[in-house]
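Trainee: Residue numbers (the UniProt record's numbering), protein chains in the order written: chain A, 1 to 454; chain B, 1 to 454. Just so it is clear, CB atoms sit at the ideal spot from N, CA and C, and this is done for glycine as well. Just so you know, these numbers come straight off a predicted model, no measurement behind them. Sending over a structure as structure tokens; questions will come in a sec.
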């Protein structure tokens with residue numbers, strides 16, 4: 001065996017990802033040394049509870065509840081605690097004590113990224129975070145390095161496994177949101193408190209990180225428009241399928257052209273959207289993730305894989321650890337961009353996209369003309385319309401439950417109107433939908449969904 | 001504008017990719033400087049013919065037919081000449097003169113990679129080659145860095161756009177190879193001499209590069225098993241579709257387990273194979289490329305995008321140029337692996353995979369038993385069998401062309417036998433197929449195709 005220089009590696013956190021990282025560091029020590037050109041000596045693992053049950057057993061003598069001694073004298077510090085504090089303070093301490101750092105902490109990077117990168121720049125330290133944006137999928141290096149000479153136009157990412165699992169099961173089984181969520185919780189695909197996933201908070205953090213890299217711009221988390229998937233029901237999924245779409249929770253990061261008054265800007269948003277079934281993103285099933293990138297020169301690229309999972313994410317973390325070690329041995333400072341573009345993050349109202357609007361309207365002459373007029377007045381151009389008569393539900397109050405279907409005409413005949421629009425500005429669209437909701441002929445705005453991917 | 005340090009960039013070659021690289025370096029100079037932290041000054045472009053017609057017009061004063069002066073005093077040398085010489089000599093000269101180098105030359109790296117990497121290691125120079133393996137698709141950094149802490153088990157790549165275009169059109173249109181090839185040549189998707197593509201030479205070079213990275217092993221090009229697609233005809237495509245498969249030219253790089261006598265080894269091979277239509281690789285259409293990676297911890301990953309094209313490939317080259325510039329400014333040596341695994345490259349006979357064997361046999365009692373016996377004797381286990389009667393072709397010599405179909409029983413009744421096998425060793429399979437070919441009951445071995453992806 002080659003006699004390598006030793007590098008001291010400290011691990012903060014031994015949850016689902018951390019325990020796998022520690023296990024792999026120990027199990028594959030010789031092979032990792034050959035890859036890194038250095039022996040990676042795991043000097044300690046800071047945990048909250050020494051006696052917690054873990055996915056894999058870890059040597060007791062490495063565990064400690066006090067991270068402080070690990071933060072000084074380590075060459076590489078891996079932060080997998082999650083959350084803002086004490087992760088932030090510990091990372092900054094490690095950087096200032098001369099360590100290179102690896103983190104998978106998306107919440108921390110999305111809120112305090114600039115502070116951490118600046119601290120690292122000051123001392124020439126390196127910050128690696130491949131696992132923070134899309135789990136095991138290599139996306140940070142492609143965006144930061146491979147596409148550094150190109151201009152990214154748009155990213156569309158399925159970056160949250162839980163919501164993709166839920167939407168995929170709803171689509172495959174025709175099941176309701178609540179039932180699939182319960183099933184996902186039972187299988188471990190969703191947390192007991194699923195808010196961070198189903199309300200899009202997790203995806204929004206990842207969107208902020210991806211957009212920051214792709215557009216060389218600091219993206220504050222509160223500038224990311226965010227909608228979750230709790231309003232998506234079986235009917236919307238069925239209607240989407242009928243129209244050749246699938247509903248996906250997308251993180252969209254887009255370059256917006258400038259106009260006479262303003263320069264180029266970007267939009268960063270997370271919402272459920274209709275995606276054509278022929279689009280590569282439509283084939284991303286289960287808890288998998290994928291990031292679709294459109295760049296000026298490279299054209300369309302897609303990166304696909306496991307977006308979560310302890311051992312999968314550990315792969316990305318270890319790739320960072322080996323990279324940090326190689327650079328440590330080769331010498332030279334951490335690499336950052338010299339000058340950032342600092343584009344403005346535009347409000348959601350400035351975005352243009354296509355929409356599908358589903359309405360319940362009175363089924364009488366002149367209604368379509370009225371609806372079309374409201375859209376036209378609001379600068380929303382209609383591409384497709386499909387009108388269907390709404391059959392009264394069995395047991396509907398207007399007809400006796402046992403009456404033959406042919407005799408069951410409702411008292412007020414109703415129709416469902418599904419309108420596909422051309423590209424329209426979000427502000428125009430939302431104003432127009434508000435006017436539709438107030439209109440006498442519209443009974444109910446059933447849903448408004450963006451169409452992405454064309 | 002920030003006042004950056006100047007880096008001298010020389011370009012060797014101004015063909016489809018090189019001319020786009022030059023154009024983008026000039027057009028996006030300010031933006032690239034912000035990304036790189038250095039002004040990238042294009043100091044000269046070495047070309048064979050000053051007056052050649054190019055995809056984009058280049059400043060005449062930068063063109064020269066003498067690369068020599070560009071090889072000394074440049075900070076970054078981009079080699080896009082292609083071929084072995086003078087590319088090899090020029091790259092080595094540039095490295096020894098202190099330059100970092102960027103190349104897209106797969107033929108050179110697949111044959112002289114170790115020589116070039118060693119030369120760079122000696123002087124601490126960097127070698128970048130993102131564009132050499134899969135065009136615009138970022139795959140080098142993911143394999144070299146992101147997966148450095150993982151163990152790659154298998155790569156299956158569609159890495160040649162021309163052959164994927166041809167097979168995809170044959171599948172979509174039910175057309176014959178020669179017709180689609182002519183069409184591809186007319187559209188510029190295939191060269192006038194298509195040998196390098198359709199015989200799998202291009203894919204074999206890329207497979208050698210991918211396997212070298214994935215398994216940390218020098219893979220000599222002559223150890224790559226190579227078969228092209230010229231034997232694939234309409235009938236094979238139709239039969240594949242009927243069985244739920246699509247035929248793709250795959251570059252397969254696989255880790256083979258060791259046994260009592262030998263350690264772990266690898267297999268690197270290029271051949272047309274049957275891929276299940278539900279597999280992500282089956283959806284890669286047209287001239288696109290994709291690389292599917294299976295790693296021990298990360299699980300399944302896929303990288304998808306344009307595998308060729310001047311401007312697309314230029315994106316990957318420029319990403320390398322910016323990376324080289326950033327590292328140049330940050331200081332430190334180029335990063336290589338400390339110790340390579342140097343696994344043995346196993347001969348094709350040691351590979352195990354599934355097969356689909358199509359035979360024309362006499363349609364009489366006992367034939368299936370004979371065929372099954374030959375397979376069983378050869379240690380090839382049958383998974384599925386489908387036997388169909390072969391209808392004589394209209395105009396077949398054994399019946400008058402105008403005879404009614406019902407009366408047209410051929411003199412010798414024939415059947416088609418499609419046999420799907422369980423995993424078998426290639427050596428057993430090829431021995432068995434030879435015995436089948438010699439058997440009295442087998443009229444013709446129509447095709448033998450591997451099944452990959454499960």
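#1: Using the three-state DSSP reduction, which class does residue 423 of chain B fall into: helix, strand or coil?
#2: Helix, strand or coil for residue 170 of chain A per DSSP?
#3: Going by the beta-carbon positions, is the gap between residue 280 of chain A and residue 304 of chain B smaller than 8 Å?
#4: Just verifying my parser: in three-state terms, what is the DSSP assignment at residue 8 of chain B?
#5: So, residue 59 of chain B versus residue 12 of chain B, is the Cβ gap smaller than 8 Å?
#6: Just the C-alpha distance for residue 16 of chain A and residue 54 of chain A, rounded to the nearest angstrom, thanks.
#7: How long is the line joining the alpha carbons of residue 401 of chain B and residue 392 of chain B, rounded to whole angstroms?
#8: I need the DSSP call for residue 403 of chain A, collapsed to helix, strand or coil.
#9: At the level of alpha carbons, what is the spacing between residue 199 of chain B and residue 117 of chain B?
#10: In angstroms, rounded to a whole number, what distance separates the CA positions of residue 81 of chain A and residue 108 of chain A?
#11: Does the beta carbon of residue 304 of chain B sit closer than 8 Å to a beta carbon anywhere in chain A?
#12: Determine whether the Cβ of residue 391 of chain B lies closer than 8 Å to any Cβ atom of chain A.
#13: Below 8 Å on the Cβ atoms is my contact criterion, and I expect residue 375 of chain A with residue 432 of chain A to pass it. Report the Cβ-Cβ distance as a whole number of Å.
#14: Return the chain-ordered list of same chain residues with a C-beta closer than 6 Å to the C-beta of residue 210 of chain A, the five sequence neighbours on each side being excluded.
#15: So does the stretch 294–312 of chain A actually touch the stretch 175–182 of chain A, counting three or more Cβ pairs closer than 8 Å?
#16: Could you say which of A:225, A:319 and A:214 lies nearest to residue 340 of chain A if we only look at CA atoms?
#17: Looking at the structure shown, is residue 249 of chain B part of a helix, part of a strand, or coil, going by DSSP?
#18: Less than 6 Å between C-beta atoms, sequence neighbours within five positions excluded: which residues of the same chain meet that for residue 23 of chain B?
#19: Do you know whose CA, among A:356, A:413 and A:329, lies nearest residue 365 of chain A's CA?
#20: Report the rounded CA-to-CA distance for residue 245 of chain B versus residue 420 of chain B, giving the unit in angstroms.
#21: Have a look at residue 28 of chain A and residue 125 of chain B and give me their C-alpha separation to the nearest angstrom.
#22: List the DSSP bridge partners of residue 37 of chain B.
#23: Between the stretch 27–47 of chain A and chain B, which residues of the former have CB atoms less than 8 Å from a CB of the latter, in chain order?
#24: Using a Cβ-Cβ cut-off of 7 Å (strictly less than) and excluding sequence neighbours within five positions of residue 18 of chain A, which residues of its own chain qualify?
#25: Put residue 398 of chain B into one of helix, strand or coil per three-state DSSP.
#26: With respect to the beta strand (DSSP E) encompassing residue 289 of chain A, which residues constitute its N-terminal and C-terminal limits?
#27: On a Cα-Cα basis, can you pick out the residue from A:440, A:437 and A:449 that is closest to residue 422 of chain A?
#28: Determine the extent of the beta strand (DSSP E) in which residue 387 of chain A is found, giving its start and end residues.
#29: Just the C-alpha distance for residue 32 of chain B and residue 427 of chain B, rounded to the nearest angstrom, thanks.
#30: Could you tell me the distance, in whole angstroms, from the CA atom of residue 440 of chain B to the CA atom of residue 390 of chain B?
#31: So what does DSSP say about residue 358 of chain B, is it helix, strand or coil?
#32: Below 8 Å, can you find three or more Cβ-Cβ pairs linking the stretch 256–274 of chain A to the stretch 350–366 of chain A?
#33: Got a sec: is the Cβ-Cβ distance from residue 80 of chain B to anything in chain A below 8 Å?
#34: Examine chain B for any beta-carbon lying closer than 8 Å to the beta-carbon of residue 348 of chain A, and answer yes or no.
#35: Exposed or buried, what is residue 48 of chain A when buried is set at 16 or more other beta-carbons lying within 10 Å of its beta-carbon?
#36: Are there three or more Cβ pairs, one per stretch, closer than 8 Å when the stretch 163–171 of chain B is compared with the stretch 184–193 of chain B?
Mentor: A quick look at the data gives this:
#1: In this structure, DSSP gives residue 423 of chain B a state outside helix and strand, which the three-state scheme calls coil.
#2: In the structure shown, residue 170 of chain A sits in a helix (DSSP, three-state: H, G or I).
#3: Contact check for residue 280 of chain A against residue 304 of chain B passes: the beta carbons are separated by less than 8 Å.
#4: It is a strand residue.
#5: No, they are not a contact pair.
#6: If I take the Cα positions, the gap works out to 8 Å.
#7: Caution is warranted here: a pLDDT of 46 is assigned to residue 401 of chain B, below 50, making its placement in the model unreliable, and the coordinate value is therefore given only provisionally. One C-alpha to the other measures close to 10 Å.
#8: Because residue 403 of chain A sits at a pLDDT of 48, beneath the cut-off of 50, its placement in the model cannot be relied upon, and the following sentence gives the value as read from the coordinates. Three-state DSSP puts residue 403 of chain A in coil, outside helix and strand.
#9: Distance between the alpha carbons of residue 199 of chain B and residue 117 of chain B is about 28 Å.
#10: Cα to Cα, residue 81 of chain A sits roughly 10 Å from residue 108 of chain A.
#11: Look at residue 304 of chain B: its C-beta is under 8 Å from a C-beta on chain A.
#12: Not one chain A Cβ lies under 8 Å of residue 391 of chain B.
#13: Under the criterion of beta carbons closer than 8 Å, residue 375 of chain A and residue 432 of chain A qualify as touching, at roughly 6 Å.
#14: Closer than 6 Å at the Cβ level, and outside the excluded window around residue 210 of chain A, lie 133, 155 and 253.
#15: By the Cβ rule, the stretch 294–312 of chain A does not count as touching the stretch 175–182 of chain A, because fewer than three pairs are nearer than 8 Å.
#16: Nearest Cα to residue 340 of chain A within the set A:225, A:319 and A:214: A:214.
#17: Correct three-state label for residue 249 of chain B: strand.
#18: For residue 23 of chain B, where only same-chain residues beyond five positions count, the Cβ hits under 6 Å are 56.
#19: Among A:356, A:413 and A:329, the Cα nearest to that of residue 365 of chain A is on A:413.
#20: Rounded to the nearest angstrom, the two C-alpha atoms are 12 Å apart.
#21: In this structure, the alpha-carbon of residue 28 of chain A lies about 29 Å from that of residue 125 of chain B.
#22: Paired residue(s): none; residue 37 of chain B is not in a bridge.
#23: Per Cβ criterion, the list reads 28, 31, 32, 33, 34, 35, 36, 37 and 38.
#24: So the qualifying residues of the chain are 11 and 80.
#25: Because residue 398 of chain B sits at a pLDDT of 49, beneath the cut-off of 50, its placement in the model cannot be relied upon, and the point is left open.
#26: Run containing residue 289 of chain A: 288–295, per the beta strand (DSSP E) assignment.
#27: Ranking the options by Cα distance to residue 422 of chain A, first place goes to A:449.
#28: For residue 387 of chain A, the uninterrupted beta strand (DSSP E) run begins and ends at 382–389, by DSSP.
#29: The straight-line gap from Cα to Cα measures roughly 53 Å.
#30: In a straight line, the C-alpha of residue 440 of chain B is about 18 Å away from that of residue 390 of chain B.
#31: Three-state result, residue 358 of chain B: strand.
#32: As far as the Cβ criterion goes, the stretch 256–274 of chain A touches the stretch 350–366 of chain A, which means the pair count is three or higher.
#33: Closer than 8 Å to the CB of residue 80 of chain B there is not a single CB belonging to chain A.
#34: At a cut-off of 8 Å between beta carbons, residue 348 of chain A makes no contact with chain B.
#35: Result: exposed.
#36: Yes: at least three Cβ pairs fall under 8 Å.
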